[in-house]
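K.L.:
Chains as they are written, first to last, in my numbering: chain Y, 1 to 261; chain Z, 1 to 261; chain L, 1 to 261.
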Amino acid sequence: MIITLLTDFGLEDNFVGVMKGVILGINPGAKTVDITHNIKPHDLSGAAFLLRSSFRFFPKGSIHLVIVDPTVGSKRKAVIVETKDYVFVGPDNGVLSLALKNCGGIKRIIHITNSKYFLTPVSNTFHGRDIFAPVAGYLSKRIPLEKFGKEIKQYKQLDLPEVKLTKNKLTGNIIYIDRFGNLITNIEKEKLHNFIGKDKFKIEFKEVNFDKIDDSYAHADRGNPLAIFGSFNNLEISINQGNAKEYFQAEYGDMVKVGKV
Amino acid sequence: MIITLLTDFGLEDNFVGVMKGVILGINPGAKTVDITHNIKPHDLSGAAFLLRSSFRFFPKGSIHLVIVDPTVGSKRKAVIVETKDYVFVGPDNGVLSLALKNCGGIKRIIHITNSKYFLTPVSNTFHGRDIFAPVAGYLSKRIPLEKFGKEIKQYKQLDLPEVKLTKNKLTGNIIYIDRFGNLITNIEKEKLHNFIGKDKFKIEFKEVNFDKIDDSYAHADRGNPLAIFGSFNNLEISINQGNAKEYFQAEYGDMVKVGKV
Amino acid sequence: MIITLLTDFGLEDNFVGVMKGVILGINPGAKTVDITHNIKPHDLSGAAFLLRSSFRFFPKGSIHLVIVDPTVGSKRKAVIVETKDYVFVGPDNGVLSLALKNCGGIKRIIHITNSKYFLTPVSNTFHGRDIFAPVAGYLSKRIPLEKFGKEIKQYKQLDLPEVKLTKNKLTGNIIYIDRFGNLITNIEKEKLHNFIGKDKFKIEFKEVNFDKIDDSYAHADRGNPLAIFGSFNNLEISINQGNAKEYFQAEYGDMVKVGKV
Numbered sequence: 001m002i003i004t005l006l007t008d009f010g011l012e013d014n015f016v017g018v019m020k021g022v023i024l025g026i027n028p029g030a031k032t033v034d035i036t037h038n039i040k041p042h043d044l045s046g047a048a049f050l051l052r053s054s055f056r057f058f059p060k061g062s063i064h065l066v067i068v069d070p071t072v073g074s075k076r077k078a079v080i081v082e083t084k085d086y087v088f089v090g091p092d093n094g095v096l097s098l099a100l101k102n103c104g105g106i107k108r109i110i111h112i113t114n115s116k117y118f119l120t121p122v123s124n125t126f127h128g129r130d131i132f133a134p135v136a137g138y139l140s141k142r143i144p145l146e147k148f149g150k151e152i153k154q155y156k157q158l159d160l161p162e163v164k165l166t167k168n169k170l171t172g173n174i175i176y177i178d179r180f181g182n183l184i185t186n187i188e189k190e191k192l193h194n195f196i197g198k199d200k201f202k203i204e205f206k207e208v209n210f211d212k213i214d215d216s217y218a219h220a221d222r223g224n225p226l227a228i229f230g231s232f233n234n235l236e237i238s239i240n241q242g243n244a245k246e247y248f249q250a251e252y253g254d255m256v257k258v259g260k261v
Numbered sequence: 001m002i003i004t005l006l007t008d009f010g011l012e013d014n015f016v017g018v019m020k021g022v023i024l025g026i027n028p029g030a031k032t033v034d035i036t037h038n039i040k041p042h043d044l045s046g047a048a049f050l051l052r053s054s055f056r057f058f059p060k061g062s063i064h065l066v067i068v069d070p071t072v073g074s075k076r077k078a079v080i081v082e083t084k085d086y087v088f089v090g091p092d093n094g095v096l097s098l099a100l101k102n103c104g105g106i107k108r109i110i111h112i113t114n115s116k117y118f119l120t121p122v123s124n125t126f127h128g129r130d131i132f133a134p135v136a137g138y139l140s141k142r143i144p145l146e147k148f149g150k151e152i153k154q155y156k157q158l159d160l161p162e163v164k165l166t167k168n169k170l171t172g173n174i175i176y177i178d179r180f181g182n183l184i185t186n187i188e189k190e191k192l193h194n195f196i197g198k199d200k201f202k203i204e205f206k207e208v209n210f211d212k213i214d215d216s217y218a219h220a221d222r223g224n225p226l227a228i229f230g231s232f233n234n235l236e237i238s239i240n241q242g243n244a245k246e247y248f249q250a251e252y253g254d255m256v257k258v259g260k261v
Numbered sequence: 001m002i003i004t005l006l007t008d009f010g011l012e013d014n015f016v017g018v019m020k021g022v023i024l025g026i027n028p029g030a031k032t033v034d035i036t037h038n039i040k041p042h043d044l045s046g047a048a049f050l051l052r053s054s055f056r057f058f059p060k061g062s063i064h065l066v067i068v069d070p071t072v073g074s075k076r077k078a079v080i081v082e083t084k085d086y087v088f089v090g091p092d093n094g095v096l097s098l099a100l101k102n103c104g105g106i107k108r109i110i111h112i113t114n115s116k117y118f119l120t121p122v123s124n125t126f127h128g129r130d131i132f133a134p135v136a137g138y139l140s141k142r143i144p145l146e147k148f149g150k151e152i153k154q155y156k157q158l159d160l161p162e163v164k165l166t167k168n169k170l171t172g173n174i175i176y177i178d179r180f181g182n183l184i185t186n187i188e189k190e191k192l193h194n195f196i197g198k199d200k201f202k203i204e205f206k207e208v209n210f211d212k213i214d215d216s217y218a219h220a221d222r223g224n225p226l227a228i229f230g231s232f233n234n235l236e237i238s239i240n241q242g243n244a245k246e247y248f249q250a251e252y253g254d255m256v257k258v259g260k261v
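(1) Buried or exposed, going by whether 16 or more other CB atoms sit within 10 Å of the CB of Lys-60 (chain Y)?
(2) Tell me which residues of the stretch 209 to 231 of chain L have at least one Cβ-Cβ distance to chain Z shorter than 7 Å, keeping chain order.
(3) Under DSSP, the beta strand (DSSP E) around Leu-24 (chain Z) begins and ends at which residues?
(4) Whole angstroms are fine: how far does the CA of Ala-99 (chain Y) sit from the CA of Ala-78 (chain Z)?
(5) Going by DSSP, what residues sit across from Leu-226 (chain L) in a beta bridge?
(6) Does the beta carbon of Arg-129 (chain Z) sit closer than 8 Å to a beta carbon anywhere in chain L?
(7) Please list the terminal residues of the continuous beta strand (DSSP E) segment that includes Phe-88 (chain Z).
(8) For the stretch 149 to 217 of chain Z, which segments carrying the beta strand (DSSP E) assignment without a break, of at least 3 residues, lie completely within its bounds, in sequence order?
(9) How would you list, in chain order, the residues of chain Y whose beta-carbon sits under 7 Å from the beta-carbon of Pro-28 (chain Z)?
(10) Just list the residues that DSSP pairs His-64 (chain L) with in beta bridges.
(11) Ends of the beta strand (DSSP E) at Gly-259 (chain Y)?
(12) Helix or strand or just coil, what does DSSP make of Ala-133 (chain L)?
(13) Hey, out of Y:Glu-188, Y:Thr-7, Y:Lys-260 and Y:Glu-236, whose CA is closest to Ser-216 (chain Y)'s CA?
(14) For Asn-14 (chain Z), count the other beta carbons within 10 Å of its own beta carbon; 16 or more makes it buried, fewer makes it exposed. Which is it?
(15) Under DSSP, the alpha helix (DSSP H) around Lys-31 (chain Z) begins and ends at which residues?
(16) Three or more C-beta pairs under 8 Å: does that hold for the stretch 130 to 142 of chain Y against the stretch 104 to 120 of chain Y?
(17) Around the C-beta of Lys-200 (chain Z), are 16 or more other C-beta atoms found within 10 angstroms, so that it is buried, or is it exposed?
(18) Go ahead and pull the three-state DSSP assignment for Ala-244 (chain Z).
(19) Are the CB atoms of Leu-50 (chain L) and Leu-5 (chain L) within a distance shorter than 8 Å?
(20) In whole angstroms, give me the CA-to-CA distance for Asn-209 (chain Z) and Ile-203 (chain Z).
(21) CB Leu-96 (chain Y) to CB Gly-104 (chain Y), shorter than 8 Å?
(22) Using only alpha-carbon positions, find the residue among Y:Thr-171, Y:Lys-156 and Y:Gln-157 that is nearest to Val-163 (chain Y).
(23) What are the residues in the stretch 120 to 147 of chain L lying within 7 Å of chain Y by C-beta distance?
(24) Does the distance from the CB of Asn-27 (chain Z) to the CB of Gly-10 (chain Z) come in under 8 Å?
(25) I need the straight-line Cα distance from Val-33 (chain Z) to His-42 (chain Z), nearest angstrom please.
(26) Would the beta-carbon of Asp-92 (chain Y) fall within 8 Å of that of Arg-76 (chain Y)?
(27) Could you have a look at His-111 (chain L) and say whether DSSP puts it in helix, strand or coil?
(28) Below 8 Å on the Cβ atoms is my contact criterion, and I expect Arg-52 (chain Y) with Asn-102 (chain Y) to pass it. Report the Cβ-Cβ distance as a whole number of Å.
(29) Closer than 8 Å, CB to CB, is Thr-71 (chain Z) near chain L or not?
(30) For the stretch 173 to 206 of chain Z, which residues have a beta carbon sitting closer than 8 Å to at least one beta carbon of chain L?
(31) How would you write the range of the beta strand (DSSP E) that Tyr-250 (chain Z) sits in, first residue to last?
(32) Who pairs with Glu-12 (chain Y) in a beta bridge, going by DSSP?
(33) Against chain Z, which members of the stretch 49 to 80 of chain Y pass a CB distance test of less than 7 Å?
(34) If I'm right that Leu-119 (chain Z) touches Ile-63 (chain Z) with Cβ under 8 Å, what's the distance once you round it to whole angstroms?
(35) Please indicate yes or no: does the CB of Ala-47 (chain Y) lie closer than 7 Å to some heavy atom of the ligand SAH?
Here it is as structure tokens:
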């Protein structure tokens, strides 16, 4: 049984290793796979975006354990969400919400309260080790979800920038920047295609205009910018063999406009 | 059989991957788990602290392989230490010592000398690959410890700052700073409780005084400092949703005083 | 079956995790091992050097999946190379070439074209996920190589600095710098021994001369430079317990001369 891990714990300390130790102590047959642990500390929207872009590539039945938890020790809930194909475990602070909107259907949301499945004692600072890792470990042993707590009906949404659509303009934002400096927007391929139809268009980003969307980084000359649908199926601004973040001095939230011409 | 890895090899080069290759070549059924590889190069005390804070969270019987080895190729010994619940493997330079003091009892210390269990030839620069990884691999196949070398009686201690206790004051130091910037002291919960009893106290760190120890990061206002017993059970200075290292311009060794008032 | 991964994808994003998800979806029994993912973006020669220095430490039969792919989406081929003891998978852009020269014999090179073994649809930006990971997954299930495409005869070579040899001088270059700041040259042990024979020699690097090659870092005083054959069997310039990159302000390509005296 696969348990994926997505956290902002980094790889400098022992947080991730210890969580795996706890999981393997409960289920020696569990197989942990790191999605990433280098989410910027407390960056809920970055984590939510990567989870949404990752979960479906794992075998059905996988457990996705997500811990970005700036308010650990407060009254935010810990939850298990069973969906059509996966089980998600994490704090109910919005970090799961983008994946849950795209998961093909939620079956149950459980508010985790049964301390029988926690480490003893539970610290107030490291629920990853004391609550979430053991719960994921027991879930991977097929303990029924209702054992962990009561069903609830709602989960928390993230408050993210939304794509704005007028008759002639679609306006989005940079919502993620990857290691290669590719600038990923919240404009999804389908939304853009529906807007443009067969019309001519131009994409504006900072001082640069694009009149087409390329198929491949290699279609621009080396060092030149291009617009492309990246591997996440969102509109990206990139540089062939270069770094668009540096080229454009770009930041999260920067605006991208698609206009009809 | 689980083999944990704790090193200062980093993840930029191929050191860690190659060690895992060597282990799996000897025991294809071994399961390696990284504690961390981002110990600051040659930082024995950081590694010793993380090992001490990690080892007990793994299933009994796990092999803990620790390599921070600034004097590789010198006459420092390579050792296996069998304790009540775990087996430790590493250089005898103090890096194991904090864990061994807290391990519940040492059974045997073996000075590794039997080159039958080494790669051939042994380099003078990478004993992790040539000696420690293969020894851990063979240990995970339950080769008896006495095959690896002769028993010895002592292991090397680290020379670390100690908590100082006078009638009215307990003085400790920052001994670890984690990725979130939490400042972890060498003052353990039990020691502090024994000192304070039911008296009033204040904790001094740089220009800030604390008159209580919080239960949770969330008990301070966002961006405000607090004192807390962190997940390692040591007194920590933290900032709710912030970075105490930056806030205080703190460094390893900085003093923390607990005084009766 | 072991699948090693060597990429420039970094560990900040979800690229590596997603590839492992794809592999495990195809072969739940596959065991992935990271060599490194922190190759400098698009650094073919760094990746080629680490692959050459790593592959032989894994069990025979392992599949080595290498993805440093600056021209993804262009016409560069995707290949499988079957050698005496291993199978290599990656883009045919030279990144495999140093390993292949040292692999003990190539049996077959297959140009990957059969989209039956790809994810659908194939993006133009992330062949790691859509082509290479699934191909490695199917290879680990022992799908015969000829199913993936047609045999070809050649693979691309890297254009790397070569060691220059005159009667009295051997001139090489720094080709890799590891996390400890050790400066690794392209001068291999055997080549240097053949050149020197029993003559006296001196090694020049920047303003420093060495008249011997040490056995161990510990043979120099702490903080002092030395020449050594490192764990890769190449001549290295190092500092005992220090950082030669910083000490010498060294960079890739810097020249190292070995002269007879």
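Note that beta-carbon positions come from the ideal geometry of N, C-alpha and C, so glycine has one too.
P.N.:
Let me spell this out:
(1) exposed
(2) Asp-215, Ser-216, Tyr-217, Ala-218, Ile-228, Gly-230 and Ser-231
(3) It is not in any beta strand (DSSP E) - Leu-24 (chain Z) instead sits in the alpha helix (DSSP H) that spans 15 to 26.
(4) 48 Å
(5) L:Ser-238
(6) yes
(7) 87 to 91
(8) 149 to 152, 169 to 177, 183 to 188, 201 to 205 and 208 to 210
(9) Within 7 Å Cβ-Cβ: nothing; Pro-28 (chain Z) doesn't reach chain Y, min ~15 Å.
(10) L:Thr-4 and L:Phe-88
(11) 255 to 260
(12) helix
(13) Y:Glu-236
(14) buried
(15) Element bounds for Lys-31 (chain Z): not the alpha helix (DSSP H) but the beta strand (DSSP E), 31 to 36.
(16) yes
(17) exposed
(18) helix
(19) no
(20) 5 Å
(21) no
(22) Y:Thr-171
(23) Ser-123, Asn-124, Thr-125, Phe-126 and Arg-129
(24) no
(25) 21 Å
(26) yes
(27) strand
(28) 6 Å
(29) yes
(30) none
(31) Per the sequence presented here, residue 250 (chain Z) reads as Ala, with Tyr not at that position. Looking at the DSSP string, Ala-250 (chain Z) is not in any beta strand (DSSP E), and its letter there is neither H nor E.
(32) Answer is none; Glu-12 (chain Y) lacks a bridge partner.
(33) Pro-70, Thr-71, Val-72, Gly-73 and Ser-74
(34) No, Leu-119 (chain Z) and Ile-63 (chain Z) are not in contact; Cβ-Cβ is about 18 Å, not under 8 Å.
(35) This structure lacks the ligand SAH, and indeed carries no ligand of any kind.
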